[in-house]
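Visitor:
So, in structure tokens, the structure goes:
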């Protein structure tokens, strides 16, 4: 039987979102986009709410197998793309192959592999989220983990490099052991050494004002603080289309906490951010895993991505399963 509490929570959230959207419609220049994305958000909330009871029935060991295979499959597509370009000078764009738009994988550096996603940073965010889900269940890194981490480095994404180093720091330095510290430091130095030229080019590009990705994020933040309506109630769930300015591409690319402020305004966004942060810290799991969950909120927090909702459902189910085990061990 479907638990009614999930239905009531989803309905309450949907009602609050609709009320806020009605208010945001009074000042947004793109009301059609606003309602289009709001309807999509409510639809996905309802769909994935219905999925929760079914996913809860899947044993933890089966969830581990599913995530491992997902990581391997995702990595394989990226490795094919990376090897095809750098060994055979062939551009493999999966989006074009299936009839979609061209992916943002080529720039002045060369090819920045993105696998089955539109851009390298999105791939990095999805892969690190899968690796975090796997670590939450197993509590350790293995060969599958390192395959996933290597695939992130192959994207040549600055965010990806950052995520890999922070992930390794959290999972290796939490339990202080000399071998873990040496391993982390050695691996971090190797990563920075191999990718040093690329990192320098990205820094130079940003300092010269040529980093479009970061420039449009700055525009989003600047407008948020200089427009009273946006500051108090946010941009709303507008998303990006040909009708909107180019900087709208970065509306939801500012971590979960930044996105909440962008969507709902600074006052409500800060309250929601603090709530999410405290809720995570109060989970009945070890501190190491709490920090990893917060790390997962850096990239894949865009309401336009179906993976975002699927990740939240898996995170809810997995943390509930492991919190029971953690509580039982503490009682023993």
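In full-length UniProt numbering, the protein residues as written are 1 to 332.
For glycine and all other residues, C-beta sits at the position ideal for the given N, C-alpha and C.
1. Compute the minimum distance between the beta carbon of residue 251 and the heavy atoms of the ligand ZN, and state whether it is under 8 Å.
2. So the alpha helix (DSSP H) residue 228 belongs to, where does it begin and stop?
3. Comparing alpha-carbon positions, which option in 114, 32, 48 and 234 lies nearest residue 9?
4. Please confirm whether residue 112 and residue 119 have their CB atoms less than 9 Å apart.
5. Please name the residue, chosen from 220, 43 and 125, that lies closest to residue 158 on a Cα-to-Cα basis.
6. As a quick exercise: from 266, 32, 46 and 134, pick the residue whose alpha carbon is nearest that of residue 15.
7. My understanding is that residue 265 touches residue 232, with C-beta atoms under 8 Å, so please give their C-beta distance in whole angstroms.
8. Using three-state DSSP, classify residue 110 as helix, strand or coil.
9. Could you compute how far the alpha carbon of residue 114 sits from the alpha carbon of residue 152?
10. Flag this pair as touching only if the stretch 85 to 94 and the stretch 127 to 140 have three or more C-beta atom pairs under 8 Å; answer yes or no.
11. Assign residue 234 to one of two classes, buried (16 or more other C-beta atoms within 10 Å of its C-beta) or exposed (fewer than that).
12. Let's test the definition: count the other Cβ atoms within 10 Å of the Cβ of residue 331 and tell me whether it reaches 16, buried, or not, exposed.
13. Decide if the stretch 20 to 28 is in contact with the stretch 270 to 288; the criterion is three or more beta carbon pairs, one per stretch, under 8 Å apart.
14. If we call anything under 9 Å between Cβ atoms a contact, is residue 75 one with residue 150?
15. Give a yes or no on whether the C-beta atoms belonging to residue 13 and residue 313 are separated by under 9 Å.
16. For residue 107, tell me which candidate among 155, 66, 79 and 167 has the shortest Cα-Cα distance.
17. Near residue 42, which residues of its chain fall below 6 Å by C-beta distance, leaving aside the five closest residues on each side in sequence?
18. So what's residue 257 in DSSP terms, helix, strand or just coil?
19. Go ahead and pull the three-state DSSP assignment for residue 116.
20. Where does residue 321 fall in DSSP's three states?
21. For residue 323, which residues from the same chain have a beta carbon less than 8 Å from its beta carbon, with the 5 sequence-adjacent residues on both sides left out?
22. Return the CA-CA distance between residue 161 and residue 81, expressed in angstroms with no decimal places.
Guide: On the basis of the supplied data:
1. Looking for the ligand ZN in the displayed structure turns up nothing, as the structure carries no ligands at all.
2. Residue 228 sits at position 228 when you count from the first residue of the chain shown. Where residue 228 is concerned, the enclosing alpha helix (DSSP H) stretches over 228 to 233.
3. On the chain shown, position 9 is the one that residue 9 refers to. Just measuring C-alpha positions, the residue of 114, 32, 48 and 234 sitting nearest residue 9 is 48.
4. Position 112 of the chain shown, counted from the first residue, corresponds to residue 112. Position 119 of the chain shown, counted from the first residue, corresponds to residue 119. Contact flag set, yes.
5. Along the chain shown, read from residue 1 onward, the residue named residue 158 stands at position 158. Per the Cα distances, 125.
6. Position 15 of the chain shown, counting from 1, holds the residue named residue 15. Taking only the C-alpha atoms, the option nearest residue 15 is 46.
7. Along the chain shown, read from residue 1 onward, the residue named residue 265 stands at position 265. Along the chain shown, read from residue 1 onward, the residue named residue 232 stands at position 232. Yes, residue 265 and residue 232 are in contact; Cβ-Cβ is about 5 Å, under 8 Å.
8. Counting from 1 along the chain shown, the entry for residue 110 is found at position 110. Strand, per DSSP.
9. The residue labelled residue 114 in the question sits at position 114 within the chain shown. The residue labelled residue 152 in the question sits at position 152 within the chain shown. In a straight line, the C-alpha of residue 114 is about 9 Å away from that of residue 152.
10. With the cut-off at 8 Å, the stretch 85 to 94 and the stretch 127 to 140 do not touch.
11. Translated into positions along the chain shown, residue 234 becomes position 234. Residue 234 counts as buried, since at least 16 other C-beta atoms from the protein chains shown sit within 10 angstroms of its C-beta.
12. Translated into the one-based positions of the chain shown, residue 331 becomes position 331. Since pLDDT at residue 331 reaches only 43, below the 50 mark, its modelled position is unreliable, and the value read off the structure follows with that caveat. Per the 10 Å Cβ criterion, exposed.
13. No: the two stretches stay apart, fewer than three of their Cβ pairs being nearer than 8 Å.
14. Numbered from its first residue, the chain shown carries residue 75 at position 75. Numbered from its first residue, the chain shown carries residue 150 at position 150. Yes, the Cβ-Cβ distance between residue 75 and residue 150 is below 9 Å.
15. Within the chain shown, numbered from 1, the residue matching residue 13 stands at position 13. Within the chain shown, numbered from 1, the residue matching residue 313 stands at position 313. Their beta carbons are not under 9 Å apart, which means residue 13 does not touch residue 313 by this criterion.
16. As a working note, residue 107 is residue 107 in the chain shown. 155 is the residue among 155, 66, 79 and 167 whose C-alpha sits nearest the C-alpha of residue 107.
17. Residue 42 sits at position 42 when you count from the first residue of the chain shown. Once the five neighbours on either side are set aside, the close Cβ partners of residue 42 are 14.
18. Start at 1 with the first residue of the chain shown, and residue 257 comes out as number 257. In this structure, residue 257 counts as helix in the three-state DSSP scheme.
19. Start at 1 with the first residue of the chain shown, and residue 116 comes out as number 116. In this structure, DSSP gives residue 116 a state outside helix and strand, which the three-state scheme calls coil.
20. Working through the chain shown from its first residue, we reach residue 321 at position 321. Residue 321 carries a helical assignment under DSSP once its states are collapsed to helix, strand and coil.
21. On the chain shown, position 323 is the one that residue 323 refers to. Residues 283, 284 and 285 of the same chain have their beta carbon placed closer than 8 Å to that of residue 323, with the five preceding and five following residues left out of the count.
22. As a position in the chain shown, residue 161 is number 161, starting the count at 1. As a position in the chain shown, residue 81 is number 81, starting the count at 1. Taking the straight line from one Cα to the other gives about 19 Å.
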